[in-house]
Structure formats: structure tokens, C-alpha cells
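These notes concern the structure reproduced below.
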Amino acid sequence: AQTVTQSQPEMSVQEAETVTLSCTYDTSESDYYLFWYKQPPSRQMILVIRQEAYKQQNATENRFSVNFQKAAKSFSLKISDSQLGDAAMYFCAYTRWADGLTFGKGTHLIIQP
Amino acid sequence: KAGVTQTPRYLIKTRGQQVTLSCSPISGHRSVSWYQQTPGQGLQFLFEYFSETQRNKGNFPGRFSGRQFSNSRSEMNVSTLELGDSALYLCASSPGQENTEAFFGQGTRLTVV
Chain A
1 AQTVTQSQPE MSVQEAETVT LSCTYDTSES DYYLFWYKQP PSRQMILVIR QEAYKQQNAT
61 ENRFSVNFQK AAKSFSLKIS DSQLGDAAMY FCAYTRWADG LTFGKGTHLI IQP
Chain B
114 KAGVTQTPRY LIKTRGQQVT LSCSPISGHR SVSWYQQTPG QGLQFLFEYF SETQRNKGNF
174 PGRFSGRQFS NSRSEMNVST LELGDSALYL CASSPGQENT EAFFGQGTRL TVV
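Chains as they are written, first to last, in the numbering used here: chain A, 1 to 113; chain B, 114 to 226.
Right under this line is the structure:
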């Protein structure tokens, strides 16, 4: 079974600084998708960024970028120029095609003004 | 385009009762997945439907069931409620057969007393 591990229960960063959230996963498959979701206090899960395993290029969405290391099964999220609105729980997730998402336990990101 | 709509937003039920939660996916989306979120277990996949067929099921007891209608709307049912069923239940919809871009609703907060 696939597992997703987020080893940082909580991270804190100063506003405007850069922070990196870690995620590792375990799978025997070669084709899959990885995601970072944000869950603010409203509880709405918001898709931040998606990475297709067969693409070597790291995905980027504005201030959010990933470092995808397929061989190491590592998928970290970098948030540049952190803003107060970035404060939330961040979940790393994995899926293959029609399977459900497998989530990590989450990282609580605190933004210090 | 309207997002994923879950109703009701909050629900309080008594042990032993049953409950039905509803999810209306984004217009045009044919895949609907359900997840349970608790502080202890995190986010766990319940089941996934595509074109009225359950394609995948997570590791939950038979008390948890679901269905999808021809208009892609989905319901999940929990019978003989237990205190441990108290959770946030999240529904997500995806455009196609592959669950590679899931959009979540705001969830239904179920409290069992």
C-alpha cells in the first residue's frame, strides 16, 4: 500500500521569507500523481500544485514550487515570499489514476508577521 | 462555475442512528470521492464513484456506503452511528475517469453524541 509521510508537524516562517515543506512517499508504481493541498481554518481543501510523475520538470504555480525527486520518492513544497494568507495546514497527497488520494498527516504552517 | 457543494454543513446525531450526506459535484464532473477527516486518523479515503459505479473503496466497515446518481450527485450513508464516526466528511469531484485533479467541497461536520 502507498504511504505518504510528512515529517514536520509544524513549521513557522517570517512573512516574506521562504519556507520548504517536506514530503516523502512509498510506492512501487512508476506512473502516479502527487499533490499539495492547503486547508485553511475554513476547512476547504484547496489544490496548491500538482506533479505528474512522468514529467521530470518541477511544477510551479506563482510563489509555489516543488522539488520532485522521483528516485528518492521525495516531493517538497517551497513557498516563496510567504504571506499571512498562506497560514494553513498543508497536505501532501498521492494517487494513481482512478484510486483515491492517499494523504500525509499534514504540516501546520504558521506565518509570523 | 459553482464549486462542489456538500449538504448539510453541520449535523448532530445520536449513537445508533443513521445519516445521509449529500454532495453535488462541479458541473460536468463525473467522478466523486469521499474522505473522512479526524484528528487521530487524518484524511482517509472512503470510496469513489464514476458514472454511478463504485470503482474503489477504502478500508471502512460496511456501515459506510454510498451511491451516485445519473446527474453525478452522490450520497454517502452511515448506519448505526458510533461516537468514533464523528468527523469532517469531505467530498471531491474530478472531471474525468482519472482522479488526477480533485476539487473539494467545504465538508460536512458530523458529531455523534
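Beta carbons are placed, not taken as given, at the ideal position from N, Cα and C, and that holds for glycine. On a predicted model such as this, the values are computed, not experimentally measured, just so you know.
inquiry  = What does DSSP give as the partner residue(s) for Gly-104 of chain A in the beta ladder?
reply    = Note: Gly-104 of chain A sits in no beta bridge, so no partner.
CA nearest to the CA of Thr-107 of chain A, picked from A:Trp-97, A:Ala-88, A:Leu-101, A:Pro-113 = A:Ala-88
task = Could you tell me whether the region 122–134 of chain B touches the region 40–56 of chain A, using the rule of 3 or more Cβ pairs below 8 angstroms?
result = no
message = Taking the alpha-carbon of Gly-220 of chain B as reference, which of B:Pro-208, B:Glu-211, B:Tyr-202, B:Ser-207 has the nearest alpha-carbon?
response = B:Tyr-202
Contact set between Asp-99 of chain A and chain B, taken where Cβ atoms lie within less than 9 angstroms = Phe-158, Glu-161, Arg-168, Asn-169, Asn-212
request  = Kindly say whether Phe-177 of chain B, judged by its beta-carbon, lies nearer than 8 angstroms to any beta-carbon of chain A.
outcome  = no
ask   = Between the region 151–163 of chain B and the region 177–191 of chain B, do at least 3 Cβ pairs fall closer than 8 angstroms?
value = yes
task = Below 9 angstroms between beta carbons is the criterion; list the residues of the region 39–66 of chain A that meet it against any residue of chain B, in chain order.
result = Gln-39, Ser-42, Arg-43, Gln-44, Met-45, Ile-46, Leu-47, Arg-50, Glu-52
ask   = For the beta strand (DSSP E) that Tyr-94 of chain A lies in, which residues bound it at each end?
value = 88–95
ask   = For the candidate residues A:Ala-16, A:Arg-63, A:Ala-53, A:Lys-105, whose alpha-carbon lies nearest to that of Thr-151 of chain B?
value = A:Lys-105
query = In its own chain, which residues sit with a C-beta less than 6 angstroms from the C-beta of Glu-165 of chain B, not counting the 5 before and 5 after it?
reply = Gln-181
Selection of the region 193–207 of chain B by Cβ proximity to chain A, strictly under 7 angstroms = Leu-201, Leu-203
query = Taking just the CA atoms, how far does Tyr-148 of chain B sit from Ser-137 of chain B?
reply = 15 angstroms
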